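Notes follow the structure.
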Amino acid sequence: MSKAKMPDTGVAMFRSGVLERKDVEGQENQYEISFSSEEPYARWGDVEVLLHEAGAVDLSRFEDVGTLLFSHGRDPNYGRVPIGKVIRAWLDESARKCRAVIQFDDEDEVCKRLRSKLDQGMLKGVSVGYSVGAWTRLEPGQKSADGRFVGPMYIAAQWTPHEISLEPVPADPTVGLGKNFDNEEDNHMSLKTGNPAAAPEGTATPGAVPAANPAPEGAAGARSQDPALPAAEPTDPAALERARVLEISNMCRSFDIDAESFIRDGVSVADARTAVLEKLQRRGASNPVDTGGRGEVTIVKEEIDKVRSAATDGLLMRCGVSVAKPADGAREFRGMSLHDIAVECLVRSGISNAHRMSKDELLKRSMTPDSAFSAIASEVANRTVLAAHETAPTTFQYWTSKATSSDFRPTDIYEISASGELDEIPQNGEFKEGKLSDAPVATRRLLTFGKIVSFTRQMFINDDISLITRTLTAYTLAFQRGINKAVYQILKNNPTMRDGYTLFSANHKNLGTGAVPGTASFSEARKLMRQQKDLGGGVTLNISPSFVLASSADETPVEALLASLADPSSNNSGVANVFRNKMQLIVDAELDVDSGAQPYYFAADPRLADTIEVSYLNGVEQPMVEMQADFDTLGFRYRVYGDRGVTLTGYRGLVKNPGKSN
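If you want it as structure tokens, here you go:
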């Protein structure tokens, strides 16, 4: 056994096997499969075993998000869209295997086709994506505590399966499952150790690594020997071809290299390995590599992250979205088409023939959720929405209060009485409880608003990314304008509150005498607000207006009143303007009325008095953008949505002047 360091924990791994399944009785669309066993595997010369006993396997992921994929999402015809789900998964301790009941999506034609192939015996492989939390190493000759394993080997003492995938090519004959994940892929080959104690009792051990006269640890050839073919007669052409395809597929998958040409042209394993090494050498000229102290070679993710950042900023600038500090190389990507960017992403991922692909094939290879191009498209969408949210021409946010809710359940809002005074507490005296309103003054409710926009095959071929950014911008502005309109509709509609009176009424003492904006009407509004009482009626709030809310028709006279040194309503220029710079003018066309008098309003600082509240789910103010591959349009679908609520919470910080017709 090589003296490599202990295998990493927490990284993504995969293991493939022959599909072992049976129909679930009474269920037309459900199958029981095994997806892992204690069969020893060789990973570049080191023997590894997944422990199958109570406490070793964590199947909790399947309880929450049990996902069934095809070929781990690598097949461009299927992508990472689930083809079904895991109904339940369990550990079969007697057989030392993990089993699961899977169910196909019977509403999807693609899934129906895969299910048909499974029923006809055309799909024979299964794979599992997993990560290891803890390893145990057995030195040469050392036995495990229960005597079932003999070193040298590594035992995954704690491991977690994440997803199950059907595979076109089988490997481990003792299970119906394998391994793969998104971040890092380790190439595993079945191992025949030559030591009966190294394999579980009653299981067959497939051949993979020569057992006779292994090279000494640390010797030059200790890790460079080719694994032997899976257990089969050497002269069996079908077995030899299956082994060649499996070996080349696993090798190319580990380095994100297209294996199709090697398999199609009948290239031997040795020649394919030579070609892969040459590709890695050429790739290394522009992308640093990291051996990590192990046998694997992986592209340093920092480099591809730089490409994504540059391409994202370049596309944003091309679409007219402001980028404060563009990433290095963004200007070069600014002049590139979507086709060229997709080719660049695939080439940097190790697919050297990307520039020879048709536009349709390029789109299919680029639209998988874990591809660099998908990440760029998603980031462009999110950055577009964020920029639009920051520049939306709305005014409600300046004078309303803000709140957050953790769910969609209605929440009652109560008013507190006598909060402005505290009672004197004598020695050994008792504290008195502040009074709450007997009934809620308002109820907060969140609503969801959204739409879907598609980035189609035609848009990709026509290089029309700006249509998507313009649409996303329009949807974001619509979300913000929806809040703005809802806020000002409350002022204009003058709704009836929980106490039975309208928002602006003589009973609430917040309705002024109709007049054009001037010193007299402003003075009246200030007096009305200062004299407001708390809920109990015993405490004067002494608050004054901080904002004037005016329609576009009153913008100029109100602006003159707040900026002029002299009183604009006085014929004597020597009379000082007492309202100069005393309030902030908020002008919004939502307050315009079609005819008659133009009302205007006064609002207190939202920290001092409850008026109108805008609430969001979990404090997220901007719309969310989610992206997924779309089989219907051969492209992406963007789902844009936001959650918000607008609630009238109090009247004491609001005053209305009905205005006067000229």
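Its first residue numbered 26, the sequence shown is counted upward by one per residue in the working numbering. Yeah, the Cβ is synthetic: ideal placement off N, Cα and C, and Gly gets one too. Every value quoted in this text rests on a predicted model; they were computed, and no experiment measured them.
Specify, as a first and last residue, the run of the alpha helix (DSSP H) that residue i falls within.
i, result
"isoleucine 366", "363–373"
"phenylalanine 547", "544–555"
"glutamine 505", "490–518"
"serine 85", "85–90"
"aspartate 144", "134–144"
Report the rounded CA-to-CA distance for residue i versus residue j, giving the unit in angstroms.
i, j, result
"leucine 673", "asparagine 518", "12 Å"
"glutamate 161", "glycine 176", "Correcting the residue type first, residue 161 is threonine in the shown sequence and not glutamate. Whole-angstrom Cα-Cα distance: 11 Å."
"alanine 170", "glycine 154", "28 Å"
"glycine 91", "lysine 110", "6 Å"
"arginine 138", "leucine 148", "11 Å"
"arginine 632", "valine 564", "18 Å"
"glycine 434", "valine 639", "Here residue 434 turns out to be arginine, not glycine, going by the sequence shown. So the alpha carbons of these two residues sit roughly 16 Å apart."
"lysine 668", "tyrosine 676", "Going by the sequence as given, residue 668 is aspartate instead of lysine. C-alpha separation (whole angstroms): 25 Å."
"alanine 335", "alanine 379", "20 Å"
"aspartate 579", "valine 573", "11 Å"
"serine 576", "aspartate 559", "30 Å"
"serine 119", "isoleucine 58", "16 Å"
"proline 648", "lysine 476", "11 Å"
"valine 405", "lysine 607", "43 Å"
"lysine 681", "isoleucine 108", "59 Å"
"asparagine 532", "serine 546", "19 Å"
"lysine 685", "glycine 621", "8 Å"
"valine 270", "isoleucine 288", "6 Å"
"phenylalanine 692", "glutamate 415", "The chain is shown only over 26 to 687; residue 692 falls outside these bounds and no answer can be derived."
"alanine 355", "glutamate 303", "30 Å"
"arginine 495", "threonine 337", "16 Å"
"arginine 343", "glycine 507", "29 Å"
"threonine 429", "glycine 539", "37 Å"
"phenylalanine 421", "glutamate 615", "10 Å"
"aspartate 197", "glutamate 64", "Unreliable placement is indicated for aspartate 197, whose pLDDT of 44 sits below 50; no coordinate value is reported for it."
With DSSP collapsed to three states, give me the class of residue i.
i, result
"methionine 484", "helix"
"methionine 1", "The structure shown does not extend to residue 1, since the chain is modelled only from 26 to 687, so the question has no answer here."
"alanine 114", "strand"
"aspartate 655", "strand"
"threonine 674", "coil"
"serine 293", "coil"
"threonine 636", "coil"
"alanine 467", "strand"
"leucine 305", "helix"
"valine 348", "coil"
"serine 96", "helix"
"lysine 168", "strand"
"aspartate 668", "strand"
"valine 175", "strand"
Return the residue from the list the options that minimises the CA-CA distance to residue i.
i, options, result
"aspartate 385", "Ala397, Val405 and Leu363", "Leu363"
"arginine 664", "Lys534, Asp338 and Val478", "Val478"
"lysine 427", "Ala406, Glu646 and Glu369", "Glu646"
"valine 600", "Asn606, Val49, Ala591 and Ala295", "Ala591"
"histidine 77", "Arg124, Phe287 and Asp130", "Arg124"
"aspartate 657", "Lys389, Tyr179 and Gln556", "Lys389"
"arginine 121", "Ser61, Lys558 and Lys168", "Ser61"
"leucine 650", "Glu440, Ala400, Lys685 and Tyr56", "Correcting the residue identity first, residue 650 is valine in this sequence and not leucine. Comparing Cα-Cα distances from valine 650 to each of Glu440, Ala400, Lys685 and Tyr56, the minimum goes to Ala400."
"arginine 99", "Trp115, Asp338, Ser569 and Met392", "Met392"
"leucine 93", "Leu191, Glu63 and Phe39", "Leu191"
"aspartate 131", "Leu84, Thr299 and Gln52", "Gln52"
"phenylalanine 474", "Lys457, Arg555, Gln505 and Ile112", "Gln505"
"isoleucine 441", "Asn487, Asp117, Ser274 and Ala467", "Ala467"
"isoleucine 127", "Ser141, Ile112 and Trp184", "Ile112"
"phenylalanine 627", "Val612, Asn407, Val618 and Asp619", "Val612"
"glycine 339", "Tyr66, Thr409 and Glu455", "Thr409"
"glycine 660", "Leu610, Asp488 and Asn567", "Asp488"
Determine the extent of the beta strand (DSSP E) in which residue i is found, giving its start and end residues.
i, result
"alanine 181", "178–192"
"glutamate 357", "No beta strand (DSSP E) holds glutamate 357; the alpha helix (DSSP H) holding it covers 355–359."
"cysteine 123", "122–129"
"isoleucine 58", "55–62"
"arginine 162", "150–163"
"valine 74", "71–75"
"glutamate 45", "45–48"
"valine 106", "No beta strand (DSSP E) contains valine 106, which DSSP labels as neither H nor E."
"arginine 681", "A small fix is needed here, since residue 681 is lysine in this sequence, not arginine. Here the beta strand (DSSP E) through lysine 681 covers 679–682."
Beta strand (DSSP E) segments (min. 3 residues) lying fully within the segment 378–456: 426–430 and 436–438
For a minimum of 3 consecutive residues, which ranges assigned as the beta strand (DSSP E) are wholly contained in the segment 552–633? 572–575, 609–612 and 625–628
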